[in-house]
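Heads up, the sequence shown is in this note's numbering, so the first residue is 10 and it goes up one at a time. Reading through the structure tokens given below for one structure.
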Amino acid sequence: MCRIVPTALLLSFAITSRAVAQTSPDCARPAERPSFVFHNGFWLNLHNFLHRAAKERRGVNDELPAAMTVAAHDTARTRGLTPPERDAWERALQVYLTYPVALGNTDSIVSRLNERLAGARDDGDLRDVDIDATVRQALLLAAPVYREVWWAAHDRRNREWIASLRGLLAPSETCLVRFITQGLSADWPAAPVTVDASVYASWFGAYMTQPPVHVTLSSNARGNQGTLGLEVLLHEAGHALLGPLDSALVATAARQGRLLPRELAHLMLFYTAGEAVRTFVPGHVPYAETFGVWKQNASAERYRALLEREWQPHLEGRRALADAVARIVDRLPRQAM
Ligand SMILES: [Zn+2]
């Protein structure tokens with residue numbers, strides 16, 4: 010089953026000893042074997058924009074600080090709506106306010122819409138796209154208004170953001186991918202990971218669906234700008250690589266009679282993606298530090314210290330994953346007998 014993973018932010022600190030930062034010619038990815046392909050699609054942007062507009066109408070404001078817009082004027086409408094446009098937009102919005110499929114409350118529904126809309130031709134009419142008929146109707150109703158009033162700004166914002174991220178990724182792509190795959194003891198997906206730029210991408214500003222591994226990132230979320238965007242890109246793709254680490258944690262906790270906190274693997278992903286970028290892009294401050302993930306509670310602080318001590322040596326290639334996991338699990342609370 011497809012699975013959507015909005016990366017919940019959870020964790021800040023100064024790690025003193027690091028792997029030696031090294032950006033070398035070997036770190037650039039050969040152009041014929043990209044790890045990521047970037048995409049900017051009209052229909053997925055419209056769907057996510059309607060989804061956000063419906064939340065605003067309902068008074069729901071659940072965006073994390075990292076997901077908040079960095080430059081509202083970049084994505085503002087270019088003019089007011091005419092009465093017919095207002096009517097069409099309102100009717101489409103009503104579907105996103107009331108129709109369960111459009112609300113996207115379950116993972117499989119969100120994923121089913123997301124994947125199919127991401128693949129729809131910008132100049133098409135969705136007839137060849139297998140999505141719910143009511144949602145299709147709402148999108149077709151809203152499309153001329155969106156294309157006329159918002160899309161030029163959204164499209165430009167997405168293109169500029171993709172160009173910026175590509176520029177940051179190119180010099181270190183091979184090394185970043187190697188760091189994350191070796192750190193998580195997992196293989197990169199056989200096909201390049203598709204990355205969709207969207208003006209809005211959930212309350213977190215980013216999510217991943219699979220299979221196939223597909224990352225959607227908000228082009229104007231604060232947490233996705235500059236090298237933070239690079240880290241979020243690796244983090245989201247990293248969700249698809251967590252199988253071996255999850256398995257090692259579960260098996261080791263069972264063997265050592267320890268209670269495994271649900272958030273531990275995710276915190277390890279935060280740590281690993283942050284270190285990947287910090288290692289290869291000088292001056293990067295990891296997302297978890299920037300947005301206070303480690304400071305959200307006392308246990309996050311404890312895990313950060315534990316990972317710095319026991320996981321960092323693994324990321325630097327000085328300790329096997331099984332050994333690092335055993336040392337981490339050894340510090341977890343014991344299961345009740
Ligand atoms: Zn996450």
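From the three backbone atoms N, C-alpha and C, an ideal C-beta is built for every residue, glycine too.
Check: To the nearest angstrom, how far is the alpha carbon of L122 from that of R327?; Outcome: 44 Å
Check: State the start and end residues of the unbroken beta strand (DSSP E) segment that holds Y216.; Outcome: 215-219
Check: Using 7 Å as the cut-off, classify the Cβ of H48 as near or not near the heavy atoms of ligand 1, replying yes or no.; Outcome: no
Check: Examine ligand 1 and report whether any of its heavy atoms sits within less than 7 Å of the Cβ of H223.; Outcome: no
Check: At which residues does the alpha helix (DSSP H) containing A246 begin and terminate?; Outcome: 235-247
Check: Any chance you could list the alpha helix (DSSP H) runs of at least 4 consecutive residues sitting entirely within the stretch 305-342, in chain order?; Outcome: 307-319, 321-324, 330-338
Check: How many angstroms separate the CA atom of A297 from the CA atom of P92?; Outcome: 45 Å
Check: In angstroms, rounded to a whole number, what distance separates the CA positions of D137 and V294?; Outcome: 44 Å
Check: From the DSSP output, which residues share a beta bridge with F45?; Outcome: V202
Check: How many whole angstroms separate the CB atoms of Y209 and F58, which I take to be in contact at a CB cut-off of 8 Å?; Outcome: 6 Å
Check: State the Cα-Cα distance for the pair A101 and M77, rounded to the nearest angstrom.; Outcome: 24 Å
Check: Near A333, which residues of its chain fall below 8 Å by C-beta distance, leaving aside the five closest residues on each side in sequence?; Outcome: E319, W320, P322, H323
Check: Rounded to whole angstroms, what's the CA-CA distance from R95 to D134? Just pull it up for me.; Outcome: 21 Å
Check: So, at 7 Å on beta carbons, what are the nonlocal neighbours of F300 in its own chain, with the 5 sequence-adjacent residues on each side left out?; Outcome: L18, P74, A75, G232
Check: Taking DSSP as the reference, what is the three-state secondary structure of L226?; Outcome: strand
Check: Hey, how far is the Cα of A215 from the Cα of S207?; Outcome: 9 Å
Check: What's the gap between the Cα of V184 and the Cα of L126?; Outcome: The question names Val, yet the displayed sequence has Cys at residue 184. C184 and L126: Cα-Cα distance of roughly 32 Å.
Check: Give me the Cα-Cα distance between G68 and A335, rounded to the nearest whole angstrom.; Outcome: 46 Å
Check: Measuring from the CB of L8, is there a heavy atom of ligand 1 at a distance below 7 Å?; Outcome: Outside the shown range of the chain, which is 10 to 346, sits residue 8, and nothing can be said about it.
Check: Would a C-beta distance cut-off of 8 Å place A274 and D255 closer than the cut-off?; Outcome: yes
Check: Using the C-alpha atoms, what's the distance from T203 back to A345?; Outcome: 44 Å
Check: Does DSSP put T281 in a helix, in a strand, or in coil?; Outcome: helix
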